[in-house]
Amino acid sequence: MNIKIYSFKQESEEMMMKQGGMLLSGRTILGLCLVVIGLLTFAYGGVEFGFGLSLGFQSFLIGGLICILLGLLAMPGVAVAIKLVVLALTVISILLYIHSMPDLEILLQLIADVAVIGFGAFLAALLLRK
């Protein structure tokens, strides 16, 4: 005697597979929300400080790029090339921000450069391994 137990999770997974994959999984929704938050952060910084190289705008730019990067890393269907481009933009903006600070000693800037470039290289290696 076969008794089939109804499972909403199993049925929803079967429906998603028929529709072409995990279209709106939890990770995808989280990633989209983070990307939108990053874009709004970037836009708010531009409205508040003007789009330029001021330290105020750069802090919003870096925060927005980090949110966008985390959102893209959370989404399963995004191409690795897009993730690498956003990672490179984020690392370059952080380095520009570090070197734009007027009162930061050169040795501290170099130490921060090593940490940022090392973390960026680590994430790039993880992305390229997949």
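Residue 31 in the UniProt record's numbering is what sits at position 31 of the sequence shown, and the numbering runs on without skipping anything.
Glycine included, C-beta positions come from ideal geometry on N, C-alpha and C.
In this text, all values refer to a predicted model and were calculated from it rather than measured experimentally.
About 7 Å separates the Cβ atoms of Ser100 and Leu53, confirming a contact at the 8 Å cut-off. Excluding sequence positions up to five before and after Leu84, its CB lies within less than 7 Å of the CB of Ala124 and Leu127, all in the same chain and listed in chain order. Inter-residue distance for Leu107 and Val91 is about 19 Å (C-alpha atoms, whole angstroms). Pro102 and Ile66 have their alpha carbons spaced roughly 23 Å apart.
Bounds of the alpha helix (DSSP H) holding Glu48 are Gly26 to Phe49. Collapsing the DSSP output to three states places Leu61 in a helix. DSSP places Leu53 outside both helix and strand once states are collapsed to three, so it counts as coil. Residue Arg27 holds the alpha-carbon nearest to the alpha-carbon of Gly71 among Ala121, Gly56, Leu104 and Arg27. If you ignore the 5 residues before and after Leu89, its C-beta comes within less than 8 Å of the C-beta of Leu65, all in its own chain and listed in chain order. No Cβ-Cβ contact shorter than 8 Å links Gly56 with Thr41.
For Asp103, no alpha helix (DSSP H) segment is defined, and its DSSP state is neither H nor E. Secondary structure of Gly120 (DSSP, three-state): helix.
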